[in-house]
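Chains as they are written, first to last, in the working numbering: chain L, 164 to 490; chain W, 412 to 735.
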């Protein structure tokens with residue numbers, strides 16, 4: 164039985180990861196620590212795990228790995244503490260708000276000889292895995308261009324507080340796609356251009372809520388990406404991850420979370436999409452549990468998280484300077 | 412009024428029909444490819460000529476329709492203007508903004524009405540989008556995405572396949588969306604563009620634009636001539652209190668013929684409307700000539716659209732944003 168602890172429930176993905184740990188036969192949710200004790204205690208009750216108020220006591224406890232799901236700017240300190248305690252680590256995305264912190268995170272884990280993974284569950288989404296399989300088979304030939312989106316609804320809370328998140332929608336919703344493309348195409352990003360701003364929530368948010376990016380990858384692959392919190396409150400679901408891949412042999416379209424039913428709910432006075440299909444988070448957590456058991460890095464590494472953060476940092480720089488930023 | 416069609420391809424035929432629908436008569440059809448001219452002339456009871464200049468000069472011609480390759484537009488507009496003929500020029504207005512400016516000057520000098528067919532301004536779905544935006548239901552708009560295209564037009568050897576002539580999907584097709592964005596959201600500030608403009612082994616173009624408007628709105632525009640088949644249009648406009656979406660693939664009418672020994676299945680999606688947007692632009696043009704009203708789209712608008720596409724292509728070459 165692999166024992167995993169969770170550090171902070173600031174990011175709502177922690178709830179899904181906790182549920183995954185509960186459902187896996189070879190893993191357990193050993194303990195919860197949170198710098199917000201009220202939230203931590205509530206989650207401990209929800210998931211039937213002990214809450215440990217002191218971080219040092221928590222990290223000395225009987226567990227093999229930790230999942231860190233705090234606010235973005237707190238990742239580094241928590242990773243450093245967990246690494247020093249010899250724990251295997253799965254860190255929520257983005258690995259850090261900036262490249263400097265992301266590099267420090269990777270270095271700390273290397274020094275402590277612990278495995279480090281970045282939580283990019285999209286790599287376990289079946290429609291995206293199918294796209295990679297098709298590309299890898301060679302049936303579609305060379306890839307020339309990709310148009311991507313990662314839209315969402317405005318999350319509010321600490322996500323829109325730059326002191327805790329490090330940035331807005333461009334930071335929150337670029338890293339998934341940046342990682343997906345590096346993984347699918349086996350190529351690195353070489354340049355980034357970006358227009359971003361608070362386009363839709365001037366009255367309620369302080370950060371950017373939309374970024375329109377143009378990127379280039381090795382071999383001259385042309386990529387556009389939309390990172391946004393543009394979906395209205397009345398939108399039938401949280402958002403999307405989509406890719407249109409222009410290849411020599413044809414075009415591949417992926418709408419990764421389009422396995423859905425449409426539900427017209429008179430009681431809630433709302434039209435909603437009800438998801439079905441496999442849960443990508445389960446694949447991510449199973450791989451982390453396997454990595455802890457096998458004493459290896461998770462499949463999506465800390466370096467993968469660092470590379471995605473390099474893209475977002477370049478996007479903000481491109482916006483500030485009004486120029487293309489080379490990577 | 413009598414109409415001369417210069418360039419008897421698909422658009423020439425369409426505009427001949429629209430002229431007739433608006434009560435005009437097609438009297439001359441000109442095309443350097445003689446069978447094309449003869450075929451269209453026969454269809455509309457007109458005479459066929461090879462040489463566009465003789466069609467322009469014909470005494471009975473009042474209106475000249477230019478549906479020839481883009482690089483020929485300036486000379487034909489200039490010739491028609493000097494001959495005192497009103498002009499309907501298909502978009503893009505010309506290959507370069509300098510050509511557009513000379514064409515505008517020639518029309519002014521000749522005292523003729525010069526109309527450029529930015530037909531998207533007349534599409535009902537786009538007018539409905541504009542009305543919703545201007546009605547304020549989504550609040551202050553902050554972002555718009557427009558997507559247009561499908562299969563690469565023109566057969567092998569066609570001028571569409573020569574980027575020096577057509578400008579690829581960015582100048583020939585995306586220009587609709589660049590014009591419409593300016594029409595609805597005002598002047599552009601700067602533009603960044605990536606475009607494939609490939610010729611081998613497969614001819615394909617795919618253009619991806621990020622544009623900042625002076626109002627602060629960010630526009631994302633994608634044009635494709637990289638798809639194996641079909642044609643589609645998608646629009647998404649977000650404001651502070653809502654979002655508008657249009658998707659042409661979500662069509663009100665679709666017909667799919669059963670596979671027979673005769674050949675492959677043909678699928679015909681359509682958006683039936685009682686008066687086509689092409690006829691609406693023609694009526695606007697005719698009303699302008701008759702002094703009843705000013706047109707929805709001016710030659711200056713068409714020039715600005717070419718300037719935007721030109722800036723996009725300059726950005727492709729420079730690999731940096733271009734300020735307009």
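Glycine is no exception: its CB is placed at the ideal position from the N, C-alpha and C atoms. Keep in mind the model is a prediction, meaning the values are calculated, not measured.
query, result
"Under 9 Å between beta-carbons, which chain L residues line up against residue 633 of chain W? List them in chain order, please.", "310, 387 and 407"
"Using DSSP with H/G/I as helix, E/B as strand and the rest coil, what is residue 418 of chain L?", "strand"
"Do you know how far the Cα of residue 441 of chain W is from the Cα of residue 474 of chain W?", "13 Å"
"Taking the beta carbon of residue 490 of chain W as the centre, do at least 16 other beta carbons fall within 10 Å, making it buried, or is it exposed?", "buried"
"Residue 413 of chain L CB to nearest chain W CB: under 9 Å?", "yes"
"Taking only three categories from DSSP, how would you classify residue 283 of chain L?", "coil"
"According to DSSP, what are the bridge partners of residue 624 of chain W?", "W:599"
"Considering only the alpha carbon of each residue, which of W:628, W:525, W:454 and W:596 lies closest to residue 477 of chain W?", "W:525"
"Within 8 Å, do at least three Cβ pairs link the stretch 372 to 387 of chain L to the stretch 416 to 427 of chain W?", "no"
"For the putative contact between residue 590 of chain W and residue 531 of chain W, defined by C-beta atoms under 8 Å, what is the C-beta separation to the nearest angstrom?", "7 Å"
"Assuming contact is defined by CB atoms lying nearer than 9 Å, are residue 170 of chain L and residue 236 of chain L in contact in what I supplied?", "no"
"Tell me whether residue 216 of chain L is buried or exposed, calling it buried when 16 or more other Cβ atoms sit within 10 Å of its Cβ.", "exposed"
"So which of L:461, L:342 and L:360 has the shortest CA-CA distance to residue 481 of chain L?", "L:360"
"State the Cα-Cα distance for the pair residue 528 of chain W and residue 723 of chain W, rounded to the nearest angstrom.", "21 Å"
"May I ask you to list, following chain order, the residues of the stretch 469 to 487 of chain L that have a beta carbon less than 7 Å from some beta carbon of chain W?", "485, 486 and 487"
"Going along chain L, which residues have a C-beta under 9 Å from residue 629 of chain W?", "358, 359, 360, 362, 373, 374 and 375"
"Quick check on residue 556 of chain W - is its C-beta less than 9 Å from some C-beta in chain L?", "yes"
"Identify each residue in the stretch 648 to 676 of chain W for which the Cβ-Cβ distance to at least one residue of chain L is less than 8 Å, and report them in chain order.", "649, 650, 651, 652, 653 and 654"
"Please compile the residues from chain L whose C-beta is within a distance smaller than 7 Å of the C-beta of residue 613 of chain W.", "411"
"What does DSSP give as the partner residue(s) for residue 645 of chain W in the beta ladder?", "W:558 and W:658"
"Closer than 9 Å between beta carbons: that is the criterion. Which residues of the stretch 549 to 576 of chain W meet it against chain L?", "549, 550, 551, 552, 553, 554, 556 and 558"
"Taking the alpha-carbon of residue 459 of chain W as reference, which of W:541, W:469, W:688 and W:448 has the nearest alpha-carbon?", "W:448"
"Since residue 281 of chain L and residue 490 of chain L should fall inside the 8 Å C-beta cutoff, what is the C-beta to C-beta distance between them, to a whole number of angstroms?", "Not confirmed; about 18 Å, so no contact."
"Report yes or no: is there a C-beta of chain L within less than 9 Å of the C-beta of residue 581 of chain W?", "no"
"Any idea what DSSP makes of residue 574 of chain W, helix, strand or coil?", "helix"
"By the three-class DSSP mapping on this structure, what secondary structure does residue 458 of chain L have?", "coil"
"I'd like to know whether the C-beta of residue 379 of chain L is nearer than 9 Å to at least one C-beta of chain W.", "yes"
"Within 10 Å of its beta-carbon, does residue 509 of chain W have 16 or more other beta-carbons around it, so buried, or fewer, so exposed?", "exposed"
"Residue 360 of chain W versus chain L: which residues are under 9 Å apart at the beta carbon?", "Nothing in the structure corresponds to residue 360 of chain W, since chain W is present only between 412 and 735."
"Using the C-alpha atoms, what's the distance from residue 322 of chain L back to residue 369 of chain L?", "10 Å"
"When you check each C-beta in the stretch 428 to 439 of chain L against every C-beta of chain W, which residues fall closer than 9 Å?", "none"
"What residue range does the alpha helix (DSSP H) around residue 221 of chain L cover?", "218 to 223"
"Confirm, please, whether the CB-CB distance from residue 386 of chain L to residue 471 of chain L is below 9 Å.", "no"
"If the cut is a Cβ gap below 8 Å, which residues of chain L does residue 510 of chain W touch?", "Per Cβ cutoff of 8 Å: no residues; residue 510 of chain W is ~28 Å from chain L at best."
"Tell me the DSSP secondary structure of residue 610 of chain W in three-state form.", "coil"
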